[in-house]
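J.: Each number in our numbering comes from the position in the sequence shown (counting from 1) with 271 added on. Let me begin by handing over the structure; questions about it come next.
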Amino acid sequence: MKIIYVDMDDTVAECDSILVGKYNMSGYGDNITLACLTPPHTRIKKEVRNILRGYIAEPGFFFNLPVVDGCRQVLLDWHRMGHFIYFVTKPFYPSKTCFIEKLDWVDNYFPWLGRYRVIFLQEKNLLSGDVMIDDRYSFMLGFKGRRILFDLYHRRNGRDYKGVEIATTWEEVKRLVNL
Ligand SMILES: [Mg+2]
Numbered sequence: 272m273k274i275i276y277v278d279m280d281d282t283v284a285e286c287d288s289i290l291v292g293k294y295n296m297s298g299y300g301d302n303i304t305l306a307c308l309t310p311p312h313t314r315i316k317k318e319v320r321n322i323l324r325g326y327i328a329e330p331g332f333f334f335n336l337p338v339v340d341g342c343r344q345v346l347l348d349w350h351r352m353g354h355f356i357y358f359v360t361k362p363f364y365p366s367k368t369c370f371i372e373k374l375d376w377v378d379n380y381f382p383w384l385g386r387y388r389v390i391f392l393q394e395k396n397l398l399s400g401d402v403m404i405d406d407r408y409s410f411m412l413g414f415k416g417r418r419i420l421f422d423l424y425h426r427r428n429g430r431d432y433k434g435v436e437i438a439t440t441w442e443e444v445k446r447l448v449n450l
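Spelled out as structure tokens, the structure:
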């Protein structure tokens, strides 16, 4: 049986697309794109970054994020096969409700895993296990198992990511991990 760690924001919960939509709908006049938010070097002004951080800190932000297509079925299949799935997420401390909303979100979309499978952790390299799936390359550095870089918004073209396998859909994740 494998131990599988799954990031939340932009791996199972759509986050950046919601931020971009919210900002552009607010009428600031300088529309941003998903490419502007590509880690590790985002290309947005400090003022815009602060506005986005304000959105993230609003109560309800995390609970209302949509679930990424396809992830529920893949994780359910693995769960039924007997593998151990944990969500590992870096908390957004400026949000007073981040912790409880993420737990409620998992209960809502993944009731067969539930909130006890959520680990709040910034240093994900401390974990040991078989597979880690995350949209942030830097968060997976130091993890000894297989690393799947999840590229939901197709933003990784042309960059050299060492030691990871890249997937843009959960069908690709399933095929790569091949349990
Ligand atoms: Mg993430």
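Just so you know, even glycine gets a beta-carbon here, dropped at the ideal spot from N, CA and C.
Going straight from the alpha carbon of Arg-388 to that of Leu-423, what length do you get?
T.: Rounded to whole angstroms, Arg-388 to Leu-423 spans 23 Å at the Cα level.
J.: Relative to ligand 1, is the shortest distance from any of its heavy atoms to the C-beta of Arg-446 smaller than 7 Å?
T.: Arg-446 Cβ: outside cutoff for every heavy atom of ligand 1.
J.: Please state whether the Cβ-Cβ distance between Ile-419 and Val-402 is less than 8 Å.
T.: Yes, they are a contact pair.
J.: Between the Cα of Pro-365 and those of Ile-327, Trp-383, Arg-343, Asn-295, spot the shortest distance and give me the residue it belongs to.
T.: Per the Cα distances, Ile-327.
J.: Between which two residues does the beta strand (DSSP E) holding Tyr-357 run?
T.: Tyr-357 -> beta strand (DSSP E) spans 355 to 360.
J.: For Thr-439, is the beta carbon positioned less than 7 Å from some heavy atom of ligand 1?
T.: Flag unset: Cβ of Thr-439 not near ligand 1.
J.: Inspect the CB distances between the stretch 374 to 388 and the stretch 342 to 357 and report whether three or more fall short of 8 Å.
T.: Taking 8 Å as the limit for Cβ pairs, the verdict is that the stretch 342 to 357 does touch the stretch 374 to 388.
J.: Please find out if some non-hydrogen atom of ligand 1 comes closer than 7 Å to the beta-carbon of Thr-309.
T.: No, Cβ of Thr-309 sits at least 7 Å from all heavy atoms of ligand 1.
J.: Give the secondary structure of Glu-329 by DSSP, where H, G and I count as helix, E and B as strand, and everything else as coil.
T.: Correct three-state label for Glu-329: coil.
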